[in-house]
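Following: one structure in structure tokens, then a few remarks.
Numbering (the numbering used here), first residue to last: 1 to 182.
The following block contains the structure:
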């Protein structure tokens with residue numbers, strides 16, 4: 001003889017199993033709160049990384065522009081001019097740097113990120129056919145610093161220098177203490 005199962009037994013089992021699945025509202029709120037705290041801690045570090053990368057990128061692009069200008073001067077056996085530009089087509093101060101051939105044609109435009117301020121003690125200089133940089137065709141060798149900075153304290157080292165030394169050697173450096181962005 002076989003006993004029939006009670007129909008209530010499987011239903012009880014299903015009710016217990018369905019209640020055990022998923023997360024409660026309290027568990028979800030705790031998870032969201034922990035995630036928000038972690039994001040709040042990570043955001044300042046992320047901002048510092050972004051600013052540092054912007055500065056490094058601007059300095060590296062300027063080094064590439066200077067190397068290009070020097071190479072073009074030697075290749076064309078003519079003077080090539082590098083100058084700051086506000087409009088990207090002619091010299092005259094601003095956020096971009098132009099490379100112009102002897103005839104004044106634009107060979108390259110180096111557009112600096114708007115959040116990065118660029119400045120130089122000399123706004124325009126030339127590379128002669130011998131590959132050496134000078135302020136003017138008649139002046140001595142150029143010693144100049146191009147300064148790139150972001151007006152922030154994150155990171156503390158908020159300045160990158162691109163230096164053109166005697167012999168037109170181009171190098172980059174980061175001052176240890178940063179400073180005011182001028």
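Ideal placement from N, C-alpha and C gives every residue a C-beta, glycine not left out.
Under a Cβ-count criterion, where at least 16 other Cβ atoms within 10 Å of its own Cβ denotes burial, should residue 33 be classed as buried or exposed? exposed
Anticipated Cβ contact below 8 Å, residue 137 with residue 128, distance rounded: 7 Å
I'd like to confirm the pairing. Which residues does DSSP put opposite residue 124 in its beta bridges? 83
Does the segment 62-74 touch the segment 41-51, meaning 3 or more C-beta pairs lie closer than 8 Å? no
Taking the alpha carbon of residue 144 as the reference point, which residue from 102, 159, 153, 169 has its own alpha carbon closest? 169
Can you give me the C-alpha to C-alpha distance between residue 163 and residue 132, rounded to a whole angstrom? 14 Å
Cβ-based burial, residue 58 [other Cβ within 10 Å; buried from 16]: buried
Taking Cβ positions, are residue 116 and residue 68 nearer each other than 9 Å? The criterion of a C-beta distance shorter than 9 Å is not satisfied by residue 116 and residue 68.
Going straight from the alpha carbon of residue 112 to that of residue 134, what length do you get? One alpha carbon belongs to residue 112, the other to residue 134, and they sit about 23 Å apart.
Between the C-alpha atoms of residue 100 and residue 70, what's the straight-line distance to the nearest angstrom? 11 Å
Would you tell me roughly how many angstroms separate the C-alpha atoms of residue 40 and residue 94, rounded to the nearest one? Straight-line Cα distance between these residues: approximately 36 Å.
For the segment 23-93, list the alpha helix (DSSP H) runs that are entirely contained and at least 4 residues long, ordered along the chain. DSSP assignment within the segment 23-93 yields the following whole alpha helix (DSSP H) runs of 4 residues or more, N-terminal first: 25-76.
Would you mind stating whether residue 161 and residue 152 have Cβ atoms separated by less than 9 Å? no
Could you tell me the alpha carbon to alpha carbon distance between residue 108 and residue 176, rounded to whole angstroms? Cα-Cα distance, rounded: 32 Å.
Coarse secondary structure for residue 173, derived from DSSP in three states: strand
How far does the beta strand (DSSP E) with residue 149 in it reach, from first residue to last? 144-149
State the beta-bridge partners of residue 111 as determined by DSSP. 96
Under DSSP, the beta strand (DSSP E) around residue 132 begins and ends at which residues? Taken as a continuous stretch (DSSP letters only), residue 132 belongs to no beta strand (DSSP E), as it is neither H nor E.
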